[in-house]
Amino acid sequence: MLTGCARPSASIEVEGAWAPAMPPTASVAAVYMKITANEPDRLLGASSPIAASVEVHQTSTEDGIARMRPLESISLGQRESVTLEPGGAHLMLLGINTPLEAGKTIELDLQFENAGVVKVQVPVMASDDDHAHH
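My numbering applies: residue 13 is where the sequence shown begins, and numbers increase by one.
Okay, structure coming up:
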């Protein structure tokens, strides 16, 4: 199986998944990826064995200050893509129980309303890699 990709699903494709490496003391981390729906669907949430919980978040800037707020879901239309990226929508791993070291891989289960669970292998990238924009 390719890293950063999901197992094939009839209706959901995941590409370019990654997470930035975090200090060993970090208790939260973000995960980014591109999700494409071949049929209309909604990302309801996610889970990972390395985190107590996973939430869908949206970053917005108000008065020059970046703020995150949880989202209940992300809707995808037929053949529509959404990119979870720094400064926008992303997944937050909360209560991490394993250090996110560069070169490691995180197991992540995405929960969709129609497609059900889509398993994703998420590579952890060093902070100086091209992906780490923040």
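We put the beta carbon where it would ideally sit given N, CA and C, even for glycine.
Straight across, the Cα-Cα distance linking Leu83 with Glu74 is about 17 Å. When the beta-carbon positions are compared, Val130 and Leu120 stay at least 7 Å from each other.
Excluding its 5 nearest sequence neighbours in each direction, Ala33 has C-beta neighbours in its own chain below 7 Å: Leu112, Glu113, Ala114, Val136, Met137, Ala138 and Ser139, listed in chain order. Under the three-state reduction of DSSP output, Lys46 falls in the strand class.
Leu56 counts as exposed, since fewer than 16 other C-beta atoms from the protein chains shown sit within 10 angstroms of its C-beta. Within the same chain, Cβ atoms closer than 8 Å to the Cβ of Ala31 are found at Ala41, Ala42, Val43, Tyr44, Leu105, Leu112, Ile118, Val134, Pro135, Val136 and Met137, the five residues on either side in sequence being excluded. Of the candidates Gly99, Glu51 and Met80, the residue whose Cα lies closest to the Cα of Ser93 is Glu51. Assignment of beta-bridge partners to Ile62 by DSSP yields no partner.
If you draw a straight line from the Cα of Arg91 to the Cα of Ile108, it comes to about 33 Å. Of the residues assessed, Ile24 falls on the buried side of the cut-off, its CB having 16 or more other CB atoms within 10 angstroms.
Around Glu125, the same chain offers Asp53, Arg54 and Leu56 as residues with beta carbons nearer than 7 Å, after the five sequence neighbours per side are excluded. With a 10 Å radius around the Cβ and a threshold of 16 neighbouring Cβ atoms, Ala64 comes out exposed.
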